[in-house]
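A.B. asks:
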Amino acid sequence: MTIPVTIRLQQADFDIASEIAALSRGRTDIGAVVSFSGICRRDQAGGEGGDAIAALTLEHYSGMAEAEIARHVEEAVARWPLTGVTVIHRFGRIVPGENIVLVVTASTHREAAFQGAEFLMDYLKTRAPFWKREEGASGSAWVDAHDRDDDAAARWTKS
Amino acid sequence: MTIPVTIRLQQADFDIASEIAALSRGRTDIGAVVSFSGICRRDQAGGEGGDAIAALTLEHYSGMAEAEIARHVEEAVARWPLTGVTVIHRFGRIVPGENIVLVVTASTHREAAFQGAEFLMDYLKTRAPFWKREEGASGSAWVDAHDRDDDAAARWTKS
Amino acid sequence: MKVLYFAWVRERIGKAEEALDPPPTVATVAELIAWLSQRGEEYAHAFEKPKVIRAAIDRMHVKQDTTIAGAREIAFFPPMTGG
Amino acid sequence: MKVLYFAWVRERIGKAEEALDPPPTVATVAELIAWLSQRGEEYAHAFEKPKVIRAAIDRMHVKQDTTIAGAREIAFFPPMTGG
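Residue numbers (the numbering used here), protein chains in the order written: chain Z, 1 to 159; chain W, 160 to 318; chain B, 319 to 401; chain A, 402 to 484.
Set out below in structure tokens:
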């Protein structure tokens with residue numbers, strides 16, 4: 001069965017409501033819709049109490065990012081009974097309070113929708129070819145990868 | 160610290176977008192917002208392949224439901240570093256495709272937002288005083304509780 | 319005390335609430351269920367499988383061995399199916 | 402083959418991509434990194450901690466012991482920080 005899948009990489013902001021509505025409108029087989037939106041925070045990624053950031057700039061590997069996300073959406077659809085998936089990731093300059101990423105999953109049951117969304121977010125944090133650079137008062141710096149994101153992603157590995 | 164908490168039981172539908180926006184608007188300390196919306200399906204709860212339902216009617220114990228949900232939101236806030244929580248549960252007659260329930264959690268980090276939302280949904284499915292009655296072609300019947308919902312809720316019990 | 323019924327418990331008994339004054343020998347929720355079951359066919363039907371019945375005292379879930387002393391409002395209902 | 406650089410690898414090398422033709426003795430991703438490191442200070446700086454560097458061949462993540470034979474596009478970048 002083919003389910004609606006939307007993957008978009010874009011500079012522009014997105015509208016969470018219309019993305020959720022697009023996955024569920026006119027359908028009566030969907031019991032659960034989970035959305036995750038990642039938002040640019042003012043605190044530095046490096047830890048609490050650091051300098052406030054003025055903006056993030058997201059670089060990505062165009063071509064690879066789309067293909068990689070599509071493969072992971074396919075994996076999610078194979079692992080959980082999802083009835084629709086939307087992934088939108090922004091690139092370019094993003095200021096605190098703005099959206100960075102959106103994952104929406106729809107399913108007959110809530111467990112599948114939650115698990116599918118968490119799996120895709122853990123993947124996007126660790127394996128999707130995007131890199132964040134933070135602009136602060138004292139210059140700008142590339143964000144370091146977090147071990148705890150790797151740990152979160154590792155829990156989905158089939159043993 | 161006091162965080163914004165919204166709990167509403169209502170007959171009217173709700174707007175997911177404005178609820179998500181209300182939790183994050185104007186804030187730069189929120190990194191993650193998870194929303195769960197539960198939607199009335201046309202299939203009977205009893206299993207696949209049953210009769211289609213024409214509507215659900217949700218009965219609730221007014222007074223107890225609000226107090227119980229508030230206690231569980233407090234527990235979620237104590238267990239995970241949430242920066243905002245919204246729970247809306249409808250009652251009365253709901254037709255397939257319409258919203259039933261909404262949980263929105265905001266946090267600095269995605270794990271807390273996901274866990275808080277799942278905890279609250281498992282609670283609402285098993286312990287909040289609501290009862291669903293399905294109207295089908297061959298009459299109407301109260302929905303049976305699911306063992307798998309109890310199992311899902313049990314995983315949050317501290318041992 | 320005020321006694322409330324919900325969902326199919328309410329339907330079988332035919333009312334949503336009533337004021338009741340059980341004798342002092344009725345000490346726990348389980349004993350109240352047994353006493354109610356004697357009040358007529360509709361009650362016997364509602365409480366025919368007492369283990370399925372859930373109870374709340376003053377709007378808090380309680381187990382059936384809980385004492386009802388001091389309760390102002392007791393509610394009986396089937397397992398919850400919200401969400 | 403086309404070689405792409407991203408994030409601080411790109412910044413240190415000072416370019417986003419280039420066409421390269423390494424000698425046939427360069428067989429794996431790790432050997433390509435070692436060969437690139439010899440091309441100048443900017444490359445030596447970018448690849449000073451080779452274990453940190455991630456690689457993709459034809460837009461698929463690969464380990465550094467992967468052969469580069471037949472690769473049309475090889476990319477080098479730091480650990481990903483999207484999402």
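Think of the CB as a built atom: it goes at the ideal place given N, C-alpha and C, for glycine as much as any other residue.
What residues from the stretch 248-277 of chain W come within 8 angstroms of chain B, judged by C-beta to C-beta, listed N to C?
C.D. replies: Listed by position, the residues of the stretch 248-277 of chain W near chain B (Cβ gap below 8 angstroms) are HIS248, ILE259, VAL260.
A.B. asks: Checking the sheet assignment: what are the DSSP bridge partners for TYR406/A?
C.D. replies: In DSSP, TYR406/A forms a bridge with PHE477/A.
A.B. asks: Which residues in the same chain have their Cβ closer than 8 angstroms to the Cβ of PRO479/A, if we skip the five residues on either side of it in sequence?
C.D. replies: So the list reads PHE407, ALA408, TRP409, VAL410, VAL453, ILE454, ARG455, once near-sequence residues are dropped.
A.B. asks: Tell me the rounded alpha-carbon separation between GLY38/Z and PRO340/B.
C.D. replies: About 57 angstroms.
A.B. asks: One question on the structure: do GLU227/W and PRO163/W come within less than 8 angstroms of each other, judged by their Cβ atoms?
C.D. replies: No.
A.B. asks: Taking buried to mean at least 16 other C-beta atoms within 10 Å of its own C-beta, is ALA52/Z buried or exposed?
C.D. replies: It is exposed - the Cβ of ALA52/Z has fewer than 16 other Cβ atoms within 10 Å.
A.B. asks: What's the call for ASP383/B, buried or exposed, on a 16-neighbour Cβ count within 10 Å?
C.D. replies: Classification of ASP383/B: exposed, given that the 10 Å Cβ count is below 16.
A.B. asks: CB-CB under 7 angstroms to ILE20/Z, same chain, minus the five flanking residues each way: which ones, in chain order?
C.D. replies: Once the five neighbours on either side are set aside, the close Cβ partners of ILE20/Z are VAL33, SER35, VAL104.
A.B. asks: Taking the beta strand (DSSP E) that GLY251/W falls in, what are its first and last residues?
C.D. replies: Looking at the DSSP string, the run of the beta strand (DSSP E) that includes GLY251/W is 251-253.
A.B. asks: Short of 7 angstroms Cβ to Cβ, which residues in the stretch 117-132 of chain Z face chain A?
C.D. replies: If the cut-off is 7 angstroms between Cβ atoms, the stretch 117-132 of chain Z has MET121, LEU124, LYS125, THR126, ARG127, ALA128, PRO129, PHE130, TRP131, LYS132 near chain A.
A.B. asks: Should GLN356/B be listed as close to the ligand SAM, given that the test is whether its C-beta is under 7 angstroms from any heavy atom?
C.D. replies: The model depicted lacks the ligand SAM and carries no ligand whatsoever.
A.B. asks: Who are the neighbours of VAL143/Z on chain A, taking C-beta pairs under 8 angstroms?
C.D. replies: By Cβ distance, chain A contributes THR482.
A.B. asks: Quick check on the burial criterion: 16 or more other C-beta atoms within 10 angstroms. Buried or exposed for GLY26/Z?
C.D. replies: Classification for GLY26/Z: exposed.
A.B. asks: How far does the beta strand (DSSP E) with GLY400/B in it reach, from first residue to last?
C.D. replies: Counting along the chain, GLY400/B falls outside any beta strand (DSSP E), and DSSP gives it neither H nor E.
A.B. asks: Can you find a C-beta in chain W that's less than 8 angstroms from the C-beta of HIS379/B?
C.D. replies: Judged by the 8 angstroms Cβ criterion, HIS379/B is in contact with chain W.
A.B. asks: Which of helix, strand or coil does DSSP assign to VAL143/Z?
C.D. replies: Three-state DSSP puts VAL143/Z in coil, outside helix and strand.
A.B. asks: If you draw a straight line from the alpha carbon of ALA312/W to that of TYR282/W, how long is it in whole angstroms?
C.D. replies: Their Cα atoms are separated by approximately 6 angstroms.
A.B. asks: Using 8 angstroms for Cβ pairs, my map puts ILE386/B next to LEU338/B. What's the rounded Cβ distance?
C.D. replies: Contact flag wrong, Cβ pair sits at about 11 angstroms.
A.B. asks: Going along chain W in order, which residues have a C-beta closer than 9 angstroms to the C-beta of ALA38/Z?
C.D. replies: For the record, residue 38/Z in the displayed sequence is Gly; it is not Ala. Per Cβ cutoff of 9 angstroms: GLY190, ALA191, VAL192, ARG269.
A.B. asks: When the Cα of GLU329/B is compared with those of MET319/B, LYS381/B, TYR361/B, ALA348/B, which residue comes out closest?
C.D. replies: The shortest C-alpha separation from GLU329/B is found at TYR361/B.
A.B. asks: With DSSP run on the structure shown, which of helix, strand or coil describes TRP290/W?
C.D. replies: Three-state DSSP puts TRP290/W in a strand.
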